[in-house]
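Novice: Residue numbers (my numbering), protein chains in the order written: chain C, 1 to 294; chain U, 1 to 153. Even glycine gets a Cβ: it sits at the ideal position worked out from N, Cα and C. If you're wondering where the values come from, they're calculated on a predicted model, not measured in any experiment.
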Amino acid sequence: MPPLLRAASLACVIVLAASGASAARANEAAASAERGEYIFHAAGCASCHTAKGGEPLAGGVALDTPFGRFYTPNITPDPQAGIGDWSLANLERALWEGRAPDGKPYYPSFPYTSYTGMEATDVVDLWAYLKTVEHSAEPSRPHELSFPFSLRAGLHAWQFLFFEPGRFQADAKRDETWNRGAYLVRSVAHCGECHTPRNVFGAIEHDRWLAGNPDGPDGKRVPNITPDVKGGIGTWSATDITFYLEIGFEPKGDVAGGAMKQVIDESTSRLTPVDRDAIAAYLQALPPLPDAVR
Amino acid sequence: MKRAGFVTAFVLATTISGAAFAAEEAKNLVEYRWSVMTAFGGHAAAIAKVVKGEVPYTDQVSGHAAAIAITAPMIRDIFPKGSGPDAFADTDALPAIWDKPDAFKKAQDDFVVAADEFAEAAKSDDRKTVLVGFKKLGDACGACHQDFRREKK
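#1: Report the residues of the segment 98-117 of chain U with a CB closer than 8 Å to any CB of chain C, ordered along the chain.
#2: Could you tell me the distance, in whole angstroms, from the CA atom of C:Lys261 to the CA atom of C:Tyr107?
#3: Compute the Euclidean distance between the alpha carbons of C:Ser136 and C:Tyr129, then round it to the nearest angstrom.
#4: With distance defined between alpha-carbon atoms, name the residue in C:Pro227, C:Ala120 and C:Arg180 nearest to C:Pro290.
#5: Spell out whether any CB of chain C is found under 8 Å from the CB atom of U:Ala45.
#6: Spatial neighbours of C:Phe249 within its chain, please: C-beta separation below 8 Å, excluding the five flanking residues on both sides.
#7: Can you give the Cα-Cα distance for C:Gly253 and U:Ala115, rounded to whole angstroms?
#8: Please name the residue, chosen from C:Ser87, C:Thr113, C:Glu97 and C:Arg69, that lies closest to C:Val188 on a Cα-to-Cα basis.
#9: Can you tell me which of the three DSSP states C:Thr50 falls into?
#10: For C:Asn213, name the three-state secondary structure that DSSP assigns.
#11: By the DSSP assignment, the alpha helix (DSSP H) with C:Phe160 in it spans what residues?
#12: If you measure from the beta carbon of C:Arg221 to each beta carbon in chain U, is any gap under 8 Å?
#13: So which residues of chain U does C:Phe249 contact, with C-beta pairs closer than 7 Å?
#14: Alpha carbon to alpha carbon, how far is U:Phe88 from U:Lys27?
#15: Report the three-state DSSP secondary structure of C:Thr116 (helix, strand or coil).
#16: For C:Asn213, which residues in the same chain have their Cβ closer than 8 Å to its Cβ, ignoring the five residues on either side in sequence?
#17: Could you check if U:Ala119 is buried or exposed, using at least 16 other CB atoms within 10 Å of its CB as the buried criterion?
#18: What are the residues in the segment 250-273 of chain C lying within 7 Å of chain U by C-beta distance?
#19: If you reduce the DSSP assignment to three classes, tell me which class C:Phe70 lands in.
#20: Taking Cβ to Cβ, would you say U:Phe111 is nearer than 8 Å to U:Ile70?
#21: Using 8 Å for Cβ pairs, my map puts C:Gly232 next to C:Pro288. What's the rounded Cβ distance?
#22: Please report the straight-line C-alpha distance between C:Leu88 and C:Val124, rounded to a whole angstrom.
#23: Where does the unbroken beta strand (DSSP E) through U:Ala96 begin, and where does it stop?
#24: Between which residues of its own chain and C:Trp86 is the CB-CB distance below 7 Å, once the five residues before and five after are set aside?
#25: I'd like to know if U:Lys27 contacts chain C, where contact means its C-beta is closer than 8 Å to some C-beta of that chain.
#26: Taking 8 Å as the threshold (beta carbon to beta carbon), is C:Thr50 in contact with chain U?
#27: According to DSSP, C:Pro105 sits in a beta bridge with which residue or residues?
#28: Which same chain residues end up closer than 8 Å to C:Ala238 when comparing Cβ atoms and leaving out the 5 residues on each side of it in sequence?
#29: Helix, strand or coil for C:Glu144 per DSSP?
#30: In three-state DSSP terms, what is C:Leu63?
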């Protein structure tokens with residue numbers, strides 16, 4: 001290798017290493033609350049953290065699961081009731097590692113198994129936005145869980161067995177649209193948390209990814225969104241998917257109620273058309289799976 | 001004695017046929033309701049096909065919207081008592097319709113208003129105006145389905 005080229009490639013390596021190091025944490029000074037608001041909607045935070053008729057982001061939404069009833073917490077900047085005394089590092093730890101500022105593990109009802117893939121720049125923007133929302137002094141309610149799930153210590157074992165922390169890794173074999181869709185579906189919009197069945201430990205069954213969940217939140221069935229013609233949405237065109245995510249009408253003219261209506265209102269209808277196209281491209285490229293039947 | 005037997009038989013027969021008649025009536029009411037809902041869905045699906053740009057019939061959107069608006073008030077009549085799941089198990093109508101009449105009436109009224117407003121919006125040449133009205137109509141459909149329709153199996 002000629003010396004000049006060698007020097008150039010060495011410089012590349014140094015630049016890559018440097019950018020790799022900075023990618024681990026984003027610059028808080030360069031954060032944008034405006035971009036953060038977009039991420040906030042894409043991540044569907046309000047769907048779970050704002051109760052019907054309650055103060056925005058003050059929590060208190062009940063999530064009924066086979067393990068008991070979870071109540072979502074207050075995430076407003078109120079220093080007592082909310083997360084006003086948090087730092088960016090606390091939010092990163094919550095989203096990426098599923099841990100509270102004191103190090104205690106969170107229950108996976110908080111979808112950190114998905115959020116762990118969120119890019120550092122998105123997290124720092126989200127943090128900038130969360131600091132701007134209205135305070136609420138509404139205290140968070142404790143969960144009502146059945147024994148032994150009420151023992152938080154068990155979560156260390158759960159995280160060890162079922163939680164793999166790590167940022168989203170782009171697939172170089174796929175195009176930019178697919179990768180953007182994969183990032184949104186898997187990490188930010190956390191679609192798999194409801195649309196994938198869970199095992200007896202409440203962990204997502206990755207070999208049945210997005211094949212529907214017979215026992216979703218509130219005990220309701222969540223549909224298969226793989227391109228399987230019979231069980232999934234294989235008959236839907238890309239436009240059918242993006243139109244549904246924007247307006248809410250299924251191709252046959254029906255409008256679903258339930259949790260998805262809220263997801264459309266709070267989240268997918270607020271995305272850019274480019275991002276909805278990316279989600280559709282990713283969903284259509286999934287392996288078609290038959291309906292998840294217990 | 002013989003007469004008492006006749007009376008018993010008569011009462012029994014009328015009770016049974018009365019129950020059978022009520023069940024048949026509930027089935028007919030629910031089937032009629034399904035037809036009306038399918039009509040709404042048919043028009044909505046047709047509109048969706050146009051606004052997605054999959055078919056060229058942009059001048060037919062307002063006709064579909066008018067059809068929905070003119071039939072929308074029918075929903076005030078087609079949920080009589082005795083047409084719920086206790087009378088005909090296949091219906092997706094939830095008991096909340098009859099248990100919370102005020103909330104149900106509001107959901108019905110919101111739908112009728114959204115249908116009227118969409119009929120106006122659908123006359124516009126501006127795609128955005130049409131889409132916003134269509135989304136509001138869908139919101140009204142979904143709000144009612146959310147609280148008053150059983151989750152799909």
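Specialist: Walking through what the data contain:
#1: none
#2: Here residue 261 of chain C corresponds to residue number 261 of the first sequence, with the count starting at 1. Here residue 107 of chain C corresponds to residue number 107 of the first sequence, with the count starting at 1. Near 25 Å, if we compare the C-alpha coordinates of C:Tyr107 and C:Lys261.
#3: Translated into the one-based positions of the first sequence, residue 136 of chain C becomes position 136. Translated into the one-based positions of the first sequence, residue 129 of chain C becomes position 129. C:Ser136 and C:Tyr129: Cα-Cα distance of roughly 16 Å.
#4: As a first step, residue 290 of chain C must be located in the first sequence, where it is residue number 290. It is C:Pro227.
#5: As a first step, residue 45 of chain U is located in the second sequence; it is residue number 45 there, counting from the start. At least one chain C Cβ lies under 8 Å of U:Ala45.
#6: Here residue 249 of chain C refers to the residue found at position 249 of the first sequence. The answer, listed in chain order, is Phe243 and Val255.
#7: By one-based count along the first sequence, residue 253 of chain C stands at place 253. By one-based count along the second sequence, residue 115 of chain U stands at place 115. Roughly 14 Å separates the two Cα atoms.
#8: Within the first sequence, residue 188 of chain C is the residue found at index 188, counting from 1. Checking every option, the nearest Cα to that of C:Val188 belongs to C:Thr113.
#9: By one-based count along the first sequence, residue 50 of chain C stands at place 50. Residue state, collapsed to three classes: strand.
#10: Locating residue 213 of chain C in the first sequence gives position 213, where the first residue counts as 1. The answer is strand: DSSP assigns C:Asn213 an E or B state.
#11: Here residue 160 of chain C corresponds to residue number 160 of the first sequence, with the count starting at 1. Here the alpha helix (DSSP H) through C:Phe160 covers Gly154 to Phe162.
#12: Here residue 221 of chain C is taken as the residue at index 221 of the first sequence, counted from 1. Cβ-Cβ to chain U under 8 Å: yes for C:Arg221.
#13: Translated into positions along the first sequence, residue 249 of chain C becomes position 249. By Cβ distance, chain U contributes Ala44, Ala48 and Gly138.
#14: Indexing the second sequence from 1 puts residue 88 of chain U at position 88. Indexing the second sequence from 1 puts residue 27 of chain U at position 27. If I take the Cα positions, the gap works out to 6 Å.
#15: Working through the first sequence from its first residue, we reach residue 116 of chain C at position 116. Coil.
#16: Numbered from its first residue, the first sequence carries residue 213 of chain C at position 213. The answer, listed in chain order, is Cys194, His195, Thr196, Pro197, Arg198, Arg221, Val222 and Ala292.
#17: Here residue 119 of chain U is taken as the residue at index 119 of the second sequence, counted from 1. Buried is the call here.
#18: Pro251, Lys252, Gly253, Asp254, Val255, Ala256, Gly257, Gly258 and Lys261
#19: Mapped onto the first sequence, residue 70 of chain C falls at position 70. Note: C:Phe70 maps to strand in three-state DSSP.
#20: If you number the second sequence from 1, residue 111 of chain U lands on position 111. If you number the second sequence from 1, residue 70 of chain U lands on position 70. The answer is no: Cβ separation not under 8 Å.
#21: For the purposes of this step, residue 232 of chain C is taken as residue 232 along the first sequence, with counting starting at 1. For the purposes of this step, residue 288 of chain C is taken as residue 288 along the first sequence, with counting starting at 1. Contact flag correct, Cβ pair sits at about 6 Å.
#22: Looking up residue 88 of chain C in the first sequence gives position 88. Looking up residue 124 of chain C in the first sequence gives position 124. C:Leu88 and C:Val124: Cα-Cα distance of roughly 7 Å.
#23: Sequence index remark: in the second sequence, residue 96 of chain U carries index 96 (1-based). It is not in any beta strand (DSSP E) - U:Ala96 instead sits in the alpha helix (DSSP H) that spans Ala96 to Asp99.
#24: Residue mapping note: residue 86 of chain C aligns to position 86 of the first sequence, counting from 1. Taken in chain order, the residues that qualify are Pro101.
#25: Mapped onto the second sequence, residue 27 of chain U falls at position 27. Cβ-Cβ to chain C under 8 Å: no for U:Lys27.
#26: In the first sequence, counting from the first residue as 1, residue 50 of chain C sits at position 50. Judged by the 8 Å Cβ criterion, C:Thr50 is not in contact with chain U.
#27: As a working mapping, residue 105 of chain C is identified with position 105 in the first sequence. Answer by DSSP bridge pairing, in chain order: C:Arg99.
#28: The residue given as residue 238 of chain C occupies position 238 in the first sequence. Hits under 8 Å: Asp277, Ala280, Ala281 and Gln284.
#29: Within the first sequence, the letter at position 144 stands for residue 144 of chain C. It is a strand residue.
#30: Here residue 63 of chain C is taken as the residue at index 63 of the first sequence, counted from 1. Strand, per DSSP.
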